[in-house]
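J.: Sharing a structure with you now.
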Amino acid sequence: MTPLEHLNARLSIPGQLGFRANAEGLVFAEIDNAQATASICLQGGHVVTWQPKTEARPVIWVSSAAKFAPGKSIRGGAPVCWPWFGPHETEAGFPAHGYARTVNWEVTDSRALDSGETELALALVENEQTRAQWPHRSRLEILVTVGRSLKLNLITTNLGDHDFVIGEALHTYFEIGDIAEVRLLGLEGCEYLDKVENFARKRQEGGITFSGETDRVYVNTGAECVIEDAGLRRRIRIAKSGSQSTVVWTPWVEKAEKMGDMGPGTSGQGGWREMVCVESANALDNRVTVPAGQTRRLNVEYSVEPF
Ligand code: BG6
Numbered sequence: 291m292t293p294l295e296h297l298n299a300r301l302s303i304p305g306q307l308g309f310r311a312n313a314e315g316l317v318f319a320e321i322d323n324a325q326a327t328a329s330i331c332l333q334g335g336h337v338v339t340w341q342p343k344t345e346a347r348p349v350i351w352v353s354s355a356a357k358f359a360p361g362k363s364i365r366g367g368a369p370v371c372w373p374w375f376g377p378h379e380t381e382a383g384f385p386a387h388g389y390a391r392t393v394n395w396e397v398t399d400s401r402a403l404d405s406g407e408t409e410l411a412l413a414l415v416e417n418e419q420t421r422a423q424w425p426h427r428s429r430l431e432i433l434v435t436v437g438r439s440l441k442l443n444l445i446t447t448n449l450g451d452h453d454f455v456i457g458e459a460l461h462t463y464f465e466i467g468d469i470a471e472v473r474l475l476g477l478e479g480c481e482y483l484d485k486v487e488n489f490a491r492k493r494q495e496g497g498i499t500f501s502g503e504t505d506r507v508y509v510n511t512g513a514e515c516v517i518e519d520a521g522l523r524r525r526i527r528i529a530k531s532g533s534q535s536t537v538v539w540t541p542w543v544e545k546a547e548k549m550g551d552m553g554p555g556t557s558g559q560g561g562w563r564e565m566v567c568v569e570s571a572n573a574l575d576n577r578v579t580v581p582a583g584q585t586r587r588l589n590v591e592y593s594v595e596p597f
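Listed below in structure tokens is the structure:
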């Protein structure tokens, strides 16, 4: 039996969940139940897309030019940033947003729930390089629950005998009609660090609309956010717990063109116009200490309703 056949024999769920590999050897869990479809790449423990059956378009966006190759981060989906967010504090050569999104994870469990949802559990597989970059005994798991809503639980356990500090994010790309026509609510009155202006501290007044590159870390907020999308006539609701930062990011045209993996969108315009990142995080001021022997969770639930 090949490893893929073995995985399917142990953890597939007939009529709901199967595993496939692409030409580059990456393995994906494909979920199709009565409520939604979703694709999860084992590299990165990365939800690539999610589309409830009520929706004509996915809710989690993935670039038409995304690369699905060993060791490469996928442009779109819900990348797991861990155990640091952004550049490493001291080591410029370490990967941005940590290594969790580019290493292999293993599937530890799968279940068909009575609610009709499908649940998949994955755990990061350490290797020599991750141990060199993160010399702490730890376990990182993600529990993905696919249904009318998408639930993600990112679970960090400190297996060592000293505390450690992590930065983390579920760096989710949401699919929208057009970036210029959405409004993001929930962060009114919050303090943020503006990465486009050298981390200047500012306060959010009113809802957020977009007319240029936006890269902000909102701090000390556990608030639920809502993306109002006039173009696709829907609202995406982002509820969270165990997260005190929300990162809001759109690259806009120049940066998107430099990135090279944003691709064209559905109507010929740049793909970047059809996504916005609203990331549930613990970053900068809100990095968290995980005491020895303890577990902490970052939980999100995404849902969609007509607008
Ligand atoms: C955001 C950061 O979270 O991720 C941005 O705030 C960054 O600064 C963006 O450009 C994308 O990062 P990456 O590493 O996936 O290109």
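The numbering of the sequence shown is my numbering, which starts it at 291 and goes up by one.
Here a beta-carbon is modelled for each residue, glycine too, at the ideal position from N, C-alpha and C.
1) Check whether the region 564-578 and the region 460-470 touch, using three or more Cβ-Cβ pairs below 8 Å as the test.
2) Where does the unbroken alpha helix (DSSP H) through VAL543 begin, and where does it stop?
3) In this structure, what does DSSP give as the bridge partners for GLU314?
4) Please specify which runs of the beta strand (DSSP E), each continuous and at least 3 residues long, are wholly inside the region 459-501, giving them in chain order.
5) Return the residue from the list LEU440, LEU412, ILE330, TYR482 that minimises the CA-CA distance to VAL274.
6) Quick check on ARG300: buried or exposed, where buried means 16 or more other Cβ atoms within 10 Å of its Cβ?
7) Within this structure, are the beta carbons of SER354 and GLY553 separated by less than 9 Å?
8) What residue range is occupied by the uninterrupted beta strand (DSSP E) comprising ARG401?
9) State yes or no: is the C-beta of GLN306 within less than 9 Å of the C-beta of ARG438?
10) Does the Cβ-Cβ distance between ARG473 and THR499 come in under 9 Å?
11) Rounding to the nearest angstrom, what Cα-Cα distance links LYS343 and ASN572 in this structure?
12) Below 6 Å CB to CB, which residues in the same chain sit around TRP562 once its five sequence neighbours on both sides are set aside?
13) Let me confirm a value: GLY366 is counted as buried when at least 16 other C-beta atoms fall within 10 Å, else exposed. Which label applies?
14) Quick one: does the C-beta of VAL537 sit closer than 8 Å to a heavy atom of the ligand BG6?
15) Quick check on LEU332: does DSSP put it in helix, strand or coil?
16) Any chance the CB of LYS357 is under 8 Å from a heavy atom of the ligand BG6?
17) Apart from the five residues just before and just after THR579, which ones in its own chain have a Cβ nearer than 6 Å to its Cβ?
18) By how many angstroms is the C-alpha of GLY383 removed from the C-alpha of ARG421?
19) Ordered along the chain, which non-local residues of its own chain (more than five positions away) have a Cβ less than 6 Å from that of SER593?
20) Got a sec? Which residues, its chain only, sit under 7 Å from PRO385 by beta carbon, not counting five neighbours each side?
21) Count the other CB atoms, across all protein chains shown, that sit within 10 Å of the CB of GLY555; report buried if there are 16 or more and exposed otherwise.
22) Out of GLN419, TYR482, ARG347, PRO369, state which residue places its alpha-carbon closest to the alpha-carbon of ASN576.
23) On the DSSP bridge assignment, give the partners of LEU301 in chain order.
24) Is any heavy atom of the ligand BG6 found at a distance shorter than 8 Å from the C-beta of MET549?
25) Have a look at GLY334 and GLU418 and give me their C-alpha separation to the nearest angstrom.
26) Grab the span of the alpha helix (DSSP H) containing THR420 for me, first residue to last.
27) Could you check where the beta strand (DSSP E) with ALA411 kicks off and where it finishes?
28) Who are the Cβ neighbours of ALA311 in its own chain at under 7 Å, not counting the five residues just before and after it?
29) Would you say the beta carbon of LYS530 is closer than 8 Å to some non-hydrogen atom of the ligand BG6?
30) Look at GLU458 and LEU449 and say whether their C-beta atoms are less than 9 Å apart.
31) Could you tell me the distance, in whole angstroms, from the CA atom of SER531 to the CA atom of LEU412?
32) On the premise that LEU332 lies in contact with TRP372, defined as a C-beta separation below 8 Å, what is that separation, rounded to the nearest angstrom?
33) Can you give me the C-alpha to C-alpha distance between ARG491 and GLY479, rounded to a whole angstrom?
T.: Put simply:
1) The answer is yes - the region 460-470 touches the region 564-578, with three or more Cβ pairs under 8 Å.
2) Taken as a continuous stretch (DSSP letters only), the alpha helix (DSSP H) holding VAL543 covers 542-549.
3) GLU314 is not bridged to any residue.
4) Contiguous beta strand (DSSP E) elements confined to the region 459-501 occur at 463-465, 472-475, 481-484, 490-493, taking only those with 3 or more residues.
5) No statement about residue 274 is possible, as the shown extent of the chain runs from 291 to 597 and does not include it.
6) By the Cβ neighbour-count rule, ARG300 is exposed, with fewer than 16 other Cβ atoms within 10 Å of its own.
7) Pairing SER354 with GLY553 gives a Cβ-Cβ distance under 9 Å.
8) For ARG401, the enclosing beta strand (DSSP E) begins and ends at 395-402.
9) Taking 9 Å as the Cβ cut-off, GLN306 and ARG438 do not qualify as a contacting pair.
10) Yes, Cβ-Cβ distance for ARG473 and THR499 is below 9 Å.
11) The alpha-carbon atoms of LYS343 and ASN572 are separated by roughly 31 Å.
12) The answer, listed in chain order, is PRO541, ALA546, MET552.
13) The residue is buried, with at least 16 neighbouring Cβ atoms inside 10 Å.
14) Checking every heavy atom of the ligand BG6 against the Cβ of VAL537, one is found closer than 8 Å.
15) In the structure shown, LEU332 sits in coil (DSSP, three-state: anything other than H, G, I, E or B).
16) No, the Cβ of LYS357 stays beyond 8 Å of every heavy atom of the ligand BG6.
17) If the five residues before and after THR579 are omitted, its C-beta is found closer than 6 Å to the C-beta atoms of ASP453, VAL455, all from its own chain and listed in chain order.
18) Spanning the two alpha carbons is a distance of roughly 15 Å.
19) Same-chain partners within the cutoff: SER439, ARG527.
20) THR392, listed in sequence order.
21) The residue is buried, with at least 16 neighbouring Cβ atoms inside 10 Å.
22) The residue with the shortest Cα to Cα distance from ASN576 is TYR482.
23) Per DSSP, none; premise fails for LEU301.
24) Remark: the C-beta of MET549 is in contact range of the ligand BG6, defined as less than 8 Å to any heavy atom.
25) Note on geometry: alpha-carbon atoms of GLY334 and GLU418 lie some 16 Å from one another.
26) The continuous alpha helix (DSSP H) containing THR420 extends over residues 418-423.
27) Per DSSP, ALA411 belongs to the beta strand (DSSP E) from 408-414.
28) The residues are LEU294, VAL317.
29) No, the Cβ of LYS530 stays beyond 8 Å of every heavy atom of the ligand BG6.
30) With contacts defined as CB atoms closer than 9 Å, GLU458 and LEU449 fail to qualify as a contacting pair.
31) SER531 and LEU412: Cα-Cα distance of roughly 20 Å.
32) Between LEU332 and TRP372 the Cβ distance is about 16 Å, and since that is not below 8 Å, they are no contact.
33) Taken atom to atom, the span from the alpha-carbon of ARG491 to that of GLY479 is near 13 Å.
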